[in-house]
Amino acid sequence: QVRLVESGGGLVQPGGSLRLSCAASGIIFGIFNMAWYRQAPGKQRELVASITNDHRTNYADSVKGRFTISRDNAKNTVYLKMGSLKPEDTAVYYCYRVGSAGLWGQGTQVTVSS
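Sequence positions in the sequence shown follow our numbering and run 415 to 528.
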């Protein structure tokens with residue numbers, strides 16, 4: 415079964431950190447570019463960060479210097495390390511397999527609040 419499963423979300427105070435994980439199954443993970451998106455209530459889904467199959471990374475301006483995307487092809491997993499979190503980072507975070515037949519995970523909620 416082809417799927418992506420996110421984990422690691424939760425409630426964190428402003429300035430805190432979280433690490434999201436996305437485990438892939440049923441695909442040849444290492445050949446795909448991967449990405450993290452997020453969607454806040456009432457807003458469109460937006461790209462947060464992406465990583466190519468050879469580990470080149472790209473970030474939205476709003477998270478540069480605070481978030482780090484990485485991948486472990488041996489574990490079929492992509493990560494998003496988030497630091498210096500702000501209330502405006504509150505959203506559902508989705509893992510995405512880039513390609514003509516894109517694949518989404520179910521999402522994990524991140525809430526930044528005191």
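Beta carbons are placed, not taken as given, at the ideal position from N, Cα and C, and that holds for glycine.
For secondary structure counted as the beta strand (DSSP E) over 3 or more consecutive residues, the region 435-506 holds these complete runs in sequence order: 448-453, 460-465, 471-473, 481-486 and 491-496. In the assembly as shown, ILE465 is a buried residue. Its beta-carbon has 16 or more other beta-carbons within 10 Å. Each residue's CA atom was taken as its position, placing LEU461 and THR471 some 12 Å apart. At a Cβ-Cβ threshold of 8 Å, GLY424 and LEU418 do not count as neighbours.
Just so you know, the alpha carbons of LYS500 and VAL506 end up roughly 14 Å apart.
For GLY424, the enclosing beta strand (DSSP E) covers residues 424-426.
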